[in-house]
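Engineer: Just so we're aligned: 62 in our numbering is position 28 of the sequence shown, and the numbers increase by one with no gaps anywhere.
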Amino acid sequence: MDTTVTPFSELLRRRTRRSPGSSTGDGLLRDLAAGTCDVADHADLLGQYAFVYEALERAAERMADHPVVAPFVTQHRSRMPAIRADLEYLVGPDWSELVCPLPATTAYVRRLNEVAATWPGGFVAHHYTRYLGDLSGGRAIGTVLSDRFGFETNGVLFWICEQVADPAAFEDTYREQLDRAPWDADEQERVIAEVELAHALDRRLLAELEALRVPSAPAVHH
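In structure tokens:
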């Protein structure tokens with residue numbers, strides 16, 4: 035009989051893994067990764083993520099002294115300066131007056147405000163979803179967008195994530211912190227459920243953006 039206990043980080047990864055291309059809205063991320071999107075699509079996504087990250091990082095400020103949350107907060111620097119810089123470059127200095135949250139984004143931010151600043155497990159669930167999720171595929175997307183549109187750093191600072199010099203080491207350390215979190219089985223289940231909800235909120239955001247996209251003109255063949 036195998037009595038090995040699965041580390042929580044591995045349990046979380048297995049239980050919340052998404053299948054590529056399985057959800058509405060995946061088309062936008064797929065096109066970003068393939069370089070078949072427009073600059074406007076990229077800017078629209080960053081505009082919505084600005085609201086999400088702002089809410090998450092406000093929660094981080096409020097929760098930073100909590101012993102469970104502190105290790106996760108100290109492992110990153112704010113992503114908002116990169117998002118602001120990218121949007122200023124892509125949209126203009128008045129981007130914050132031009133970008134409005136979609137209904138799905140408003141729902142996402144509402145959930146962050148409800149749980150991330152009051153429940154340590156809830157904060158970690160949303161932090162994990164965003165920071166590890168965006169890091170895992172972000173650098174590849176940044177490289178593709180740079181090649182496609184001629185960006186160097188401006189326009190793709192969010193995806194480059196320069197403050198994480200070694201993504202693999204960052205992820206390893208992050209998962210070690212998850213395994214050290216003093217959660218019993220019931221609390222672990224709550225965290226897993228919140229990560230699944232965070233994924234669902236993100237999919238709704240992407241689906242609403244997908245529905246607003248202007249189809250690219252077909253290529254003209256001579």
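From the three backbone atoms N, C-alpha and C, an ideal C-beta is built for every residue, glycine too. Remember, it's a predicted structure, so these values are computed and weren't measured experimentally.
1) Determine whether the beta carbon atoms of residue 78 and residue 243 lie at a separation below 8 Å.
2) Where does the unbroken alpha helix (DSSP H) through residue 130 begin, and where does it stop?
3) Nearest CA to the CA of residue 121: which residue from 105, 84 and 209?
4) Please report how far the alpha carbon of residue 177 lies from the alpha carbon of residue 71, in whole angstroms.
5) Near residue 63, which residues of its chain fall below 7 Å by C-beta distance, leaving aside the five closest residues on each side in sequence?
6) Here's a check: name, in chain order, each residue in its chain whose Cβ is nearer than 7 Å to the Cβ of residue 104, leaving out the five neighbours to either side.
7) Within a Cβ cutoff of 8 Å, which residues of the same chain sit near residue 55, ignoring the five residues on either side of it in sequence?
8) Three or more C-beta pairs closer than 8 Å, one from the region 183-202 and one from the region 153-162: is that the case here?
9) When the Cα atoms are used, what is the spatial distance from residue 224 to residue 141?
10) Can you give me the C-alpha to C-alpha distance between residue 254 and residue 230, rounded to a whole angstrom?
11) Grab me the residues of residue 205's own chain with a C-beta within less than 8 Å of its C-beta, minus the 5 sequence neighbours each way, in chain order.
Structural biologist: Reading it off the structure:
1) Taking the sequence shown and counting its residues from 1, one reaches residue 78 at position 44. Taking the sequence shown and counting its residues from 1, one reaches residue 243 at position 209. With contacts defined by Cβ atoms closer than 8 Å, residue 78 and residue 243 form a contacting pair.
2) As a position in the sequence shown, residue 130 is number 96, starting the count at 1. Per DSSP, residue 130 belongs to the alpha helix (DSSP H) from 129-132.
3) Within the sequence shown, the letter at position 87 stands for residue 121. The residue among 105, 84 and 209 with its C-alpha nearest the C-alpha of residue 121 is 84.
4) Stepping through the sequence shown from its first residue, residue 177 is reached at position 143. Stepping through the sequence shown from its first residue, residue 71 is reached at position 37. Taking the straight line joining both Cα atoms gives about 14 Å.
5) Sequence index remark: in the sequence shown, residue 63 carries index 29 (1-based). By the criterion of a C-beta distance shorter than 7 Å, residue 63 is surrounded in its chain by 240, once the five residues flanking it on both sides are discounted.
6) Translated into positions along the sequence shown, residue 104 becomes position 70. Same-chain partners within the cutoff: 98.
7) Taking the first residue of the sequence shown as 1, we reach residue 55 at position 21. With a pLDDT of only 42 at residue 55, under 50, the local geometry of the prediction cannot be trusted, and the value read off the model is given with reservation. Only 64 meet the Cβ criterion.
8) The region 183-202 makes no contact with the region 153-162: fewer than 3 CB pairs, one atom from each, lie closer than 8 Å.
9) By 1-based counting over the sequence shown, the position of residue 224 is 190. By 1-based counting over the sequence shown, the position of residue 141 is 107. Roughly 19 Å separates the two Cα atoms.
10) In the sequence shown, the residue the question calls residue 254 occupies position 220. In the sequence shown, the residue the question calls residue 230 occupies position 196. Per-residue confidence for residue 254 stands at a pLDDT of 44, beneath the threshold of 50, marking its modelled position as unreliable; the derived number appears in the next sentence. Each residue's alpha carbon lies about 42 Å from the other.
11) Start at 1 with the first residue of the sequence shown, and residue 205 comes out as number 171. Excluding sequence neighbours, residue 205 sits near 166, 169 and 170.
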